[in-house]
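Novice: Before I ask anything, here is the structure I am working with.
Numbering (the working numbering), first residue to last: 416 to 507.
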């Protein structure tokens, strides 16, 4: 029996660097492609093998979006923390 696949831990996901996203990657374009894939699958216009291929592609795109959002959340948290630190120390 093949070993069970496990999803990466949260700390592994958090360690993803910006270079892990493809060059010229855009969040909005990727979301549009995910929506298009879902539309094709829901429309029933694909052969079963193509459904699995497209589903795999959509999952990859979703992981890229999650990476992007996690990175930007970390940046926003750092900026907020910096602002709060400045406020606490009386700096403007």
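The beta-carbon is built from N, C-alpha and C at its ideal position, and this holds for glycine as well.
Which residue marks the beginning of the alpha helix (DSSP H) containing residue 478, and which one marks its end?
Specialist: Here the alpha helix (DSSP H) through residue 478 covers 463-503.
Novice: Just to confirm my understanding: we take residue 472, look at its own chain, exclude 5 residues before and 5 after, and list those with CB closer than 7 Å. What are they?
Specialist: Counting only Cβ-Cβ distances below 7 Å, and skipping sequence neighbours, we find 452.
Novice: Could you compute how far the alpha carbon of residue 456 sits from the alpha carbon of residue 495?
Specialist: Going from the Cα of residue 456 to the Cα of residue 495 covers about 41 Å.
Novice: To the nearest angstrom, how far is it from the Cα of residue 445 to the Cα of residue 505?
Specialist: Looking at the two C-alpha atoms, the distance is approximately 42 Å.
Novice: Going by Cα to Cα distance, which pick from 476, 488, 465 is closest to residue 447?
Specialist: Selected option, being the one with the closest Cα: 476.
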